[in-house]
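Note sheet for the following structure.
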Amino acid sequence: MKVLVLGNGGREHALAWKLAQGERVSQVFVAPGNGGTARDPLLKNIPITDVKALADFAEAEKIALAVVGPEAYLAAGVVDEFRARGLRIFGPTKAAAQLESSKAFAKDFMKRHGIPTAAYEVFSDPAAAHAYVDGQGAPIVIKADGLAAGKGVVVATSLEQAHEAIDWILAPDANGGKLGVVHNEGGARVVIEQFLSGEEASFIVLCDGKNVVSLATSQDHKRLLDGDEGPNTGGMGAYSPAPVVTPNVHAKAMHEIIMPTIQGMARDGIPFTGFLYAGLMIDELGQPRTVEFNTRMGDPETQPIMMRLKSDLLEVLLQATDGTLDQVELQWDRRVALGVVMAAHGYPLAPRKGDAITGLPADAEDAMVFHAGTAEVDGQLQTSGGRVLCVTALGESVRKAQQLAYDSLVNIQFEGKQFRRDIGHRAVKR
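Each number in the working numbering corresponds to the 1-based position in the sequence shown with 1042 added.
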């Protein structure tokens, strides 16, 4: 069977790597892929990004299954296009993907269906947004309504930060201010939320429209610098499992958040299929609330999750697209997986491209380097994006996985590289 993975990041490299291990898989194409997928003999990059051209390729190559990585393809309606042609694809429709592509849609949906989340208001008028923030005080959370590659959220600890974030998001220029937000129809909008305290975790499930199978839990590290300091990023590292998601928290997340979301989408006439990612904030009483929804796998959570998955991913996703996820039970490596992101100079606001990358270790059974912002230029691997690599390792404990991941990246060199030295610190403390 031929499989097609859409995207060019670390998440897509990890998904393609895992799919290529499937017993019935003859070829995995990655469109457009990156420098790491180009170097893997089991994978083949296809330089196509246009939705219709991707569907044409899938038809011509008789692709058995397409898997969508990034949110931009979903918001562009790639699933609708494939399904209209009778092609099998795993992901939500454009309408269902609004759970991620519009923060306002997601918040209104949660309010309507009684899903626990922070109190909020939505604004398109800057003066009204500024006045609301002055009335609420800080800390407060400012979110861009549209897609912003994981960087459209500012946790403002002062009123000054909150006002600056509003100006960023509601800026009149076409690029959505400094954040590069993709604005939805109706123009720029900002969602302003109550600040939730607690510990965050990533809760990702597979959905077939009705049935749900949860993936291994994970925890992402959003801030650029050690100790959770510095600006928000798309994610500087992750590990799985996340000890904060106790069996009790897991049960509450499924019962109070995931199932009501899947049932609510079906009731609203927008059945949800694909990966559903609930970013949870878990308070000291173990009560989870929804920070956000993503309608795809997380990045960098995918990398450690795929390292731990023992089941054949192709067979699981075929059942998901058949609507028979109730027959699936996933098998997991009991060890901990931990991934450290190495980012480019200037990330997240102005990442530099074109720096040569050297010293990559050989892939091993318990340590993998998943590529994101890399490209091969005249046989030389170079940086081509903000998050460049995710060095991911398995270990008997968080500490051992952490040690192997950091040992594995010690020789990797590129000018201006940035990485955190404390990925997994919360689990180590526990």
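Beta carbons are placed, not taken as given, at the ideal position from N, Cα and C, and that holds for glycine.
message = Just list the residues that DSSP pairs asparagine 1274 with in beta bridges.
response = Looking at the DSSP assignment, asparagine 1274 forms a beta bridge with Arg1265.
message = Using the three-state DSSP reduction, which class does threonine 1303 fall into: helix, strand or coil?
response = In this structure, threonine 1303 counts as helix in the three-state DSSP scheme.
message = Taking only three categories from DSSP, how would you classify proline 1390?
response = In the structure shown, proline 1390 sits in coil (DSSP, three-state: anything other than H, G, I, E or B).
query = Nearest to glutamine 1261 by alpha carbon, out of Ile1304, Asp1310, Glu1241, Lys1104?
reply = It is Glu1241.
query = Identify the residues that DSSP records as bridge partners of phenylalanine 1071: which are they?
reply = Per DSSP, the beta-bridge partners of phenylalanine 1071 are Leu1046, Lys1086.
message = Ignoring anything shorter than 4 residues, give me the alpha helix (DSSP H) runs that lie fully in the stretch 1342-1422, in order along the chain.
response = Qualifying alpha helix (DSSP H) stretches, in chain order: 1344-1350, 1355-1364.
Rounded C-alpha distance that separates alanine 1173 from leucine 1212 = The C-alpha of leucine 1212 is placed about 14 Å away from the C-alpha of alanine 1173.
ask   = Should valine 1286 go down as buried or exposed, given a rule of 16 or more other Cβ atoms within 10 Å for buried?
value = The residue in question, valine 1286, is buried, as its Cβ has 16 or more Cβ neighbours within 10 Å.
request  = Report the rounded CA-to-CA distance for arginine 1231 versus leucine 1201, giving the unit in angstroms.
outcome  = Inter-residue distance for arginine 1231 and leucine 1201 is about 19 Å (C-alpha atoms, whole angstroms).
ask   = What's the C-alpha gap between histidine 1263 and glycine 1049?
value = Distance between the alpha carbons of histidine 1263 and glycine 1049 is about 22 Å.
query = According to DSSP, which residues form a beta bridge with alanine 1165?
reply = It should be noted that the sequence gives phenylalanine, not alanine, for residue 1165. Per DSSP, Val1232.
key: Inter-residue spacing [alpha-carbon to alpha-carbon] between tyrosine 1473 and alanine 1284   = Given a span of 1043 to 1472 for the chain in the structure shown, any question on residue 1473 remains unanswerable.
ask   = Exposed or buried, alanine 1058, counting other C-beta atoms within 10 Å across all chains shown (16 or more means buried)?
value = With at least 16 other beta carbons inside 10 angstroms of its own, alanine 1058 counts as buried.
query = Okay, do the stretch 1076-1086 and the stretch 1096-1112 touch, 3+ Cβ pairs below 8 Å being the bar?
reply = No contact exists between the stretch 1076-1086 and the stretch 1096-1112.
Inter-residue spacing [alpha-carbon to alpha-carbon] between valine 1470 and alanine 1435 = Counting only the Cα atoms, alanine 1435 lies some 16 Å from valine 1470.
ask   = Does the distance from the CB of glycine 1458 to the CB of alanine 1409 come in under 8 Å?
value = No, the pair does not count as a contact, with Cβ atoms beyond the cut-off.
request  = Indicate whether valine 1247 and leucine 1318 have their beta-carbon atoms separated by less than 8 Å.
outcome  = In this structure, the beta-carbon distance from valine 1247 to leucine 1318 falls below 8 Å.
key: For tyrosine 1281: DSSP bridge partner residues   = According to DSSP, tyrosine 1281 bridges with Gln1261, Leu1380.
key: Close Cβ partners of asparagine 1290 (< 6 Å) along its chain, the five nearest in sequence each way excluded   = If you ignore the 5 residues before and after asparagine 1290, its C-beta comes within less than 6 Å of the C-beta of Gly1328, all in its own chain and listed in chain order.
inquiry  = Within 8 Å, do at least three Cβ pairs link the stretch 1386-1406 to the stretch 1338-1354?
reply    = The count of Cβ pairs closer than 8 Å, one atom from the stretch 1338-1354 and one from the stretch 1386-1406, stays below three, leaving the stretches out of contact.
request  = Could you give the DSSP three-state label for aspartate 1310: helix, strand or coil?
outcome  = In the structure shown, aspartate 1310 sits in coil (DSSP, three-state: anything other than H, G, I, E or B).
key: Beta-carbon gap between valine 1333 and glycine 1321 smaller than 8 Å   = A contact, by the Cβ cut-off of 8 Å.
key: alanine 1198 - DSSP class collapsed to helix/strand/coil   = DSSP, read as helix, strand or coil, puts alanine 1198 in strand.
request  = Can you tell me which of the three DSSP states arginine 1331 falls into?
outcome  = Of the three classes helix, strand and coil, the one that applies to arginine 1331 here is strand, per DSSP.
inquiry  = Quick check: what's the CA-CA separation for lysine 1044 versus proline 1168?
reply    = Lysine 1044 and proline 1168 have their C-alpha atoms spaced approximately 49 Å apart.
Simplified DSSP assignment, three categories, for methionine 1323 = Strand at methionine 1323.
key: Per DSSP, the bridge partner or partners of asparagine 1473   = Because the chain here runs from 1043 to 1472, residue 1473 falls outside it and cannot be looked at.
task = May I ask which residues mark the beginning and end of the alpha helix (DSSP H) holding arginine 1468?
result = From DSSP, the alpha helix (DSSP H) with arginine 1468 extends over 1467-1471.
message = Tell me whether the stretch 1378-1393 and the stretch 1271-1279 touch, counting them as touching only if at least three CB pairs, one residue from each stretch, are closer than 8 Å.
response = Under the three-pair Cβ rule at 8 Å, the stretch 1378-1393 counts as touching the stretch 1271-1279.
C-alpha distance - proline 1403 paired with valine 1233, whole-angstrom precision = Across the structure, proline 1403 and valine 1233 are spaced so that their CA atoms are roughly 43 Å apart.
message = Buried or exposed for proline 1273, going by 16 or more other Cβ atoms inside 10 Å?
response = In summary, proline 1273 is exposed, with fewer than 16 beta-carbon neighbours lying within 10 Å of its beta-carbon over all protein chains present.
inquiry  = Can you list, in chain order, the residues of its chain with a C-beta nearer than 8 Å to that of glutamine 1460? Leave out the 5 residues immediately preceding and following it.
reply    = In the same chain as glutamine 1460, and ignoring 5 residues on each side of it, the C-beta atoms closer than 8 Å to its own belong to Leu1266, Met1384, Ala1385, Ala1386, His1387, Tyr1389, in chain order.
key: Assigned exposure category for aspartate 1187 - 16 Cβ within 10 Å defines buried   = Under this definition aspartate 1187 is a buried residue.
inquiry  = Am I right that proline 1393 and glycine 1340 are in contact with their C-beta atoms under 8 Å? What's the rounded C-beta distance?
reply    = Not confirmed; about 20 Å, so no contact.
key: Cβ-Cβ separation, phenylalanine 1124 to valine 1183 (assumed contact under 8 Å), whole Å   = So it is not a contact: roughly 35 Å between Cβ atoms.
query = Given 8 Å as the limit, is there contact between the stretch 1366-1378 and the stretch 1299-1309, that is, 3 or more CB pairs closer than that?
reply = Counting Cβ pairs under 8 Å, fewer than three are found: no touch.
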